[in-house]
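Here's the structure we're looking at; comments come further down.
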Amino acid sequence: IPKAMPLAYDPEFLTTSTPLLVPSSSLPRPSLHDISTRRSNVDALRPVPRPRTPPDISHTTHLIPTTPPVLLHRFAPTSLPTPGPPASLPAILHIHGGGFITISVADAAPSLTTYVRETGHQIFSVDYRLSPETPFPGAIDDAWAALTWLRDHAGDFGVDASRIALFGESAGGAIAAGLAVRARDRGLVPGVRKLVLVYPMLDYRTVTNRVGQLATWSEVDNVTAWAAYLGRERYEGLLAGEGQVEGEASPAHVASVRGLPSMYLEVGQLDIFCEEDVRWAGRCVEEGVEVELHVLPGLPHGFEALGAGTKVVERSLRRRV
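First residue of the sequence shown: 692, per this note's numbering; consecutive thereafter.
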């Protein structure tokens, strides 16, 4: 039996990502449960000034009058016709990543404008409350408020309420999947049309790392994130086999995926989430949920930010939209 080839980055990705990885390697390495340093590191890597919204894209904000209020951002082509009957346009509700503990819609805005330009569709993105200041179910409650508000006001934007998709990356993928579970369980009609999950965090039990230094999101990061989201004491109890977690919180633990919307799922093979995401896709196959799964060799977590412009990333972005 021939020996397995060692795992390695995609060659083109490696060439493109190396200059971007160098600045991050000089930042402090945060320890377990050190959220402050992780946030400071994200701040240090943000472009200054932030990119402006391009002239062909409209960016508006809408305050949803819940308690507390939820800020929803709308990105749309400036060429979009004035809404009028019949409301027939699709829309995407986006939920950003950041390990439940960092990042905002402002960080996701450049990629969202690209998606809007490629699809011609409106994208709404929710600024949900972060953990640990607001643990579960705060983020999913905010996303639920955004989804129900968008459905109630769909006609104002020319949107058909039966054509709303959910799209989330990383922790946003966990929230999007949990939101789809909530919509199903609460009998939302019409239901969510499509679920797009990009390297989603689905299982709080992922506490190991099989790819070593190739991982851009480590097992230490993951434990820190889930402990913040679920509450550290509860999280540690769950790992010890005490109690059960809600499927809305950690979607890998939902009793059944039957009845969830058609799904697109994408993850890099060098992502510590690869196994849990493949298992989730397998459950969808077994329980009759339509799923399109892409496992991308040679790519780690968050690969599109590090490998922008590479062929493998461009192909991935086209598939998503």
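Cβ atoms here follow ideal geometry from the backbone N, Cα and C, with glycine treated the same way.
Can you round the beta-carbon distance between residue 868 and residue 841 to whole angstroms, since I take them to be within the 8 Å contact cut? The pair is not a contact, with the Cβ atoms about 18 Å apart (cut-off 8 Å).
Measuring alpha carbon to alpha carbon, tell me which residue in 696, 963, 707 is nearest residue 1000. The candidate whose alpha carbon is nearest that of residue 1000 is 707.
For residue 989, which of 1005, 962, 882, 1011 has the nearest alpha-carbon? 962
Go ahead and pull the three-state DSSP assignment for residue 931. coil
Nearest to residue 812 by alpha carbon, out of 780, 998, 875? 780
Beta-carbon separation of residue 778 and residue 845 under 8 Å? yes
How do the segment 944-958 and the segment 864-879 stand: do at least 3 beta-carbon pairs fall below 8 Å, yes or no? yes
Presumed contact (8 Å Cβ cut-off) between residue 817 and residue 837, rounded CB distance: At roughly 4 Å, the Cβ-Cβ gap stays under 8 Å, so residue 817 and residue 837 are in contact.
Return helix, strand or coil for residue 747, following the three-state DSSP convention. coil
Three-state secondary structure (DSSP) of residue 845: Note: residue 845 maps to helix in three-state DSSP.
By the 10 Å Cβ neighbour count, where 16 or more other Cβ atoms means buried, how is residue 712 classified, buried or exposed? exposed
Look at the alpha carbon of residue 863 and the alpha carbon of residue 941, and state the distance between them as a whole number of angstroms. Across the structure, residue 863 and residue 941 are spaced so that their CA atoms are roughly 12 Å apart.
Simplified DSSP state of residue 851, which is helix, strand or coil: strand
So which of 885, 916, 886 has the shortest CA-CA distance to residue 895? 916
Buried or exposed for residue 865, going by 16 or more other Cβ atoms inside 10 Å? buried
Any idea which residues DSSP pairs residue 815 with across the strands? 765, 784
Give the secondary structure of residue 945 by DSSP, where H, G and I count as helix, E and B as strand, and everything else as coil. Residue 945 falls in the coil class under three-state DSSP.
Just to confirm my understanding: we take residue 742, look at its own chain, exclude 5 residues before and 5 after, and list those with CB closer than 7 Å. What are they? 801
What is the rounded straight-line gap between the Cα of residue 764 and the Cα of residue 738? Straight-line Cα distance between these residues: approximately 20 Å.
If you check the beta carbons only, do residue 871 and residue 724 fall under 8 Å apart? no
Let me make sure I understand the geometry here. Which of 1007, 914, 855, 960 has the alpha-carbon closest to that of residue 722? The residue from 1007, 914, 855, 960 with its alpha-carbon nearest to that of residue 722 is 914.
Extent of the continuous beta strand (DSSP E) run through residue 957: Start and end: 953-959.
Span separating the alpha-carbon of residue 810 from that of residue 932: 45 Å
Have a look at residue 903 and residue 922 and give me their C-alpha separation to the nearest angstrom. The alpha-carbon of residue 903 is positioned some 27 Å away from that of residue 922.
Identify the continuous beta strand (DSSP E) that holds residue 987 and give its terminal residues. 982-987
Excluding sequence positions up to five away, which residues of its chain have a Cβ less than 6 Å from the Cβ of residue 899? 910
For residue 990, name the three-state secondary structure that DSSP assigns. coil
DSSP bridge partner residues for residue 752 (one or two, in chain order): 764
Give the DSSP-derived three-state secondary structure of residue 690 in the structure shown. Residue 690 is absent from the structure shown; the chain starts at 692 and stops at 1012.
Just to confirm the assignment, what range does the alpha helix (DSSP H) spanning residue 887 have? Counting along the chain, residue 887 falls outside any alpha helix (DSSP H), though it belongs to the beta strand (DSSP E) covering 885-889.
Excluding five sequence neighbours on each side, which residues of the same chain lie with their C-beta closer than 7 Å to the C-beta of residue 981? The residues are 953, 954.
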